[in-house]
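To start, the structure itself, in structure tokens.
Number of protein chains: 2
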Amino acid sequence: MNLTDSIKRPTLHEELVERLRNLVVEDVLKPGEKVPEKQLCDSLGVSRTPLREALKVLASEGFVVLQANRGARVASVTREELENTFPVLATLEQLAGELACQHLDSAEIELIERRHADMLKAYKSHDRQAYFKANQDIHQALIRGARNDILASHHKLLAARVRRARFMANLSDERWAQAIYEHKAMMELLRARNADGLGKSMKLHMMNKLSALVKALEAEDETPR
Amino acid sequence: MNLTDSIKRPTLHEELVERLRNLVVEDVLKPGEKVPEKQLCDSLGVSRTPLREALKVLASEGFVVLQANRGARVASVTREELENTFPVLATLEQLAGELACQHLDSAEIELIERRHADMLKAYKSHDRQAYFKANQDIHQALIRGARNDILASHHKLLAARVRRARFMANLSDERWAQAIYEHKAMMELLRARNADGLGKSMKLHMMNKLSALVKALEAEDETPR
DNA sequence: AAAGTTAATTATGAATTCATTATTCAGTCA
DNA sequence: TGACTGAATAATGAATTCATAATTAACTTT
Chain A
35 MNLTDSIKRP
45 TLHEELVERL
55 RNLVVEDVLK
65 PGEKVPEKQL
75 CDSLGVSRTP
85 LREALKVLAS
95 EGFVVLQANR
105 GARVASVTRE
115 ELENTFPVLA
125 TLEQLAGELA
135 CQHLDSAEIE
145 LIERRHADML
155 KAYKSHDRQA
165 YFKANQDIHQ
175 ALIRGARNDI
185 LASHHKLLAA
195 RVRRARFMAN
205 LSDERWAQAI
215 YEHKAMMELL
225 RARNADGLGK
235 SMKLHMMNKL
245 SALVKALEAE
255 DETPR
Chain B
35 MNLTDSIKRP
45 TLHEELVERL
55 RNLVVEDVLK
65 PGEKVPEKQL
75 CDSLGVSRTP
85 LREALKVLAS
95 EGFVVLQANR
105 GARVASVTRE
115 ELENTFPVLA
125 TLEQLAGELA
135 CQHLDSAEIE
145 LIERRHADML
155 KAYKSHDRQA
165 YFKANQDIHQ
175 ALIRGARNDI
185 LASHHKLLAA
195 RVRRARFMAN
205 LSDERWAQAI
215 YEHKAMMELL
225 RARNADGLGK
235 SMKLHMMNKL
245 SALVKALEAE
255 DETPR
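Right, dumping it as structure tokens:
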């Protein structure tokens with residue numbers, strides 16, 4: 035018998051926050067779309083009270099927009115928002131890189147090393163799925179390595195808000211190659227425990243991602259199907 | 035007849051989020067203190083539904099802690115949390131400084147210049163109240179000058195969370211003098227529109243504030259009254 | 001037929017009610 | 001006396017209900 039089972043029973047609204055946030059991040063609920071409470075209640079099998087509590091939280095996180103007496107809409111990620119979010123994310127990653135260099139122990143670095151190898155393998159076999167996964171794990175590990183919960187929580191929120199952009203614009207071969215190159219450099223700086231260098235390179239990595247994204251979006255605008 | 039009055043009528047829960055957050059930030063609700071819903075409902079004159087919605091938001095912002103079936107407690111700002119929050123705040127200020135240098139127009143800089151003068155005057159007349167106000171206005175103006183809403187919102191949240199620290203430890207004369215010195219340097223860098231320099235100096239300013247705070251708190255621990 | 005007006009419907013904000021979990025307190029037994 | 005048991009009380013999580021604002025539909029009028 036598992037004694038811990040009875041203890042961690044998250045409240046309904048907490049689960050709803052998670053699930054709804056995922057629906058938004060994974061683009062199931064489309065930007066600008068209305069979110070009728072009734073319908074969601076039915077499909078999720080809960081009453082309006084916990085659902086509305088969850089919506090309030092999502093709104094404060096910026097995933098939905100509430101209008102008084104008009105309900106909730108999924109927040110749309112404008113270009114301006116992207117261009118505002120990435121610099122903030124980049125700075126946070128810079129800080130994370132610096133701190134991770136100081137705090138990671140060799141076992142943790144070894145683990146990242148392995149995920150890095152996985153990532154390279156995924157690149158060589160053109161497996162985008164596996165690449166994204168390994169890539170995300172590496173960033174996660176570095177954030178965790180910073181040993182700073184505040185940093186982690188703000189990073190997580192911002193990263194989630196921008197994650198949908200991945201669905202909007204696909205990774206170009208050129209950018210992919212560049213990203214791999216940047217990751218190799220980052221790995222070396224981490225091995226050398228060059229805190230300042232890793233921080234700067236992570237920041238740059240993120241800003242380059244923004245450039246690629248904006249470029250891809252502009253190209254998309256010109257061929258709107 | 036004012037036509038806009040009927041339009042901007044914030045919902046009850048939004049007002050409650052504001053009011054409750056202020057109660058926490060201004061240390062009316064003490065850290066660790068239980069927040070009985072019933073009692074708050076009575077004193078605020080609202081029902082539990084909007085109040086609970088507000089509490090959920092406050093929890094996601096980190097001002098209160100929710101325990102299932104046990105209600106809400108005001109989050110206590112531990113030393114560890116302070117030491118985690120300040121580096122993040124400092125990085126955000128660094129970014130703000132860099133961006134502000136690029137975006138502020140001369141009229142806005144002139145405005146900051148004036149508040150800077152106010153601040154110096156307050157220092158000379160040992161008016162802590164006026165000093166804090168001018169100081170806060172300057173930081174606000176720089177954040178706004180960054181022209182980045184995402185940056186601004188995250189900064190605002192983090193700043194609010196540590197604001198209570200001001201109630202915990204008073205500003206020492208030594209630190210005050212140092213802060214003034216740092217502000218003068220920042221002002222010069224702003225005049226020269228030295229983005230990199232201003233960013234670094236704002237970051238340092240914030241980290242020095244943390245050091246002073248930690249020192250003050252340690253001194254307090256040794257003389258617990 | 002089109003635009004404007006009013007009634008009906010629907011959806012939301014907030015209060016209330018119900019069910020379940022903690023907490024308190026009295027009573028029992030070692 | 002002090003620790004344990006269990007009933008009584010209080011507080012919370014969630015569902016339901018009520019009131020009001022927004023939206024839709026029907027109808028009028030030109």
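Top line first, the protein sequences correspond to chains A and B. Going from the first sequence to my numbering is simple: count from 1 and add 34. Going from the second sequence to my numbering is simple: count from 1 and add 34. We put the beta carbon where it would ideally sit given N, CA and C, even for glycine. What you are looking at is a predicted structure, and each value in this text was computed from that prediction instead of being measured.
Under the Cβ distance rule, residue 56(B) does not count among the residues neighbouring chain A, no pair being separated by less than 8 Å.
Taking 8 Å as the threshold, the shortest C-beta distance from residue 115(A) to chain B falls below it. Annotated as distal: residue 122(B) and residue 67(B), with beta-carbon spacing of 8 Å or more. DSSP, reduced to helix, strand and coil, places residue 138(A) outside both helices and strands of the structure shown, so it counts as coil. With 16 or more other Cβ atoms from the protein chains shown falling within 10 Å of its own Cβ, residue 132(B) counts as buried. In this structure residue 179(A) does not touch residue 216(A) by the C-beta definition: roughly 18 Å separates them, more than the 8 Å allowed. Secondary structure note for residue 178(B): it is in no beta strand (DSSP E), and the uninterrupted alpha helix (DSSP H) holding it is 162 to 179.
Around the CB of residue 97(A), 16 or more other CB atoms lie within 10 Å, so the residue is classed as buried. Taking the C-beta atoms as reference points, residue 219(B) is found nearer than 8 Å to residue 235(B). For residue 63(A), the three-state secondary structure derived from DSSP is coil. Residue 45(A) reaches chain B at 102, counting residues in chain order whose Cβ is nearer than 7 Å. The shortest CA-to-CA distance from residue 196(A) to any of 248(A), 208(A), 154(A), 177(A) is the one to 248(A). The criterion of a C-beta distance shorter than 8 Å is not satisfied by residue 149(A) and residue 134(A). For residue 239(A), no Cβ of chain B is located within less than 8 Å of the residue's own Cβ.
Under the three-state reduction of DSSP output, residue 226(A) falls in the coil class, being neither helix nor strand. Chain-order list of chain B residues neighbouring residue 118(A): 182, 183, 184, 185, by C-beta distance under 8 Å. Around the C-beta of residue 79(A), fewer than 16 other C-beta atoms lie within 10 Å, and the residue is accordingly described as exposed. When C-alpha distances from residue 147(B) are compared across 116(B), 176(B), 238(B), the shortest belongs to 176(B).
Ranked by Cα distance from residue 189(A), the first of 241(B), 228(B), 119(B) is 119(B). Annotation for residue 78(B): no beta strand (DSSP E) segment contains it, though the alpha helix (DSSP H) segment containing it runs 71 to 78.
The continuous alpha helix (DSSP H) containing residue 89(A) extends over residues 82 to 95. The DSSP-derived three-state label of residue 185(B) is helix.
Nearest to residue 55(A) by C-alpha distance, out of 151(A), 255(A), 90(A), 76(A), is 90(A). When Cβ-Cβ separations below 8 Å define contact, residue 65(B) makes no contact with chain A.
Contacts between residue 95(A) and chain B, judged by CB atoms closer than 9 Å, involve 94 in chain order. Going by DSSP, residue 203(B) is part of no alpha helix (DSSP H) at all; its letter is neither H nor E. By the criterion of a C-beta distance shorter than 8 Å, residue 230(A) is surrounded in its chain by 132, once the five residues flanking it on both sides are discounted. In the three-state DSSP reduction, residue 102(B) falls in the coil class, being neither helix nor strand.
Comparing C-alpha distances from residue 207(B) to each of 182(B), 70(B), 71(B), 165(B) shows the shortest one belongs to 165(B). As computed with DSSP, residue 107(A) is found in a beta bridge with 68(A), 99(A). For a Cβ distance threshold of 7 Å, residue set 90, 91, 94 of chain B lies close to residue 91(A), ordered along the chain.
Residue environment analysis places residue 199(A) among the buried positions, since at least 16 neighbouring C-beta atoms fall within 10 angstroms of its C-beta. At a cut-off of 8 Å, the C-beta of residue 112(A) has no neighbouring C-beta in chain B.
Taking 8 Å as the cut-off, the beta carbon of residue 113(A) is found no closer than this to the beta carbon of residue 205(A). Ranked by Cα distance from residue 201(A), the first of 163(A), 185(A), 101(A) is 163(A).
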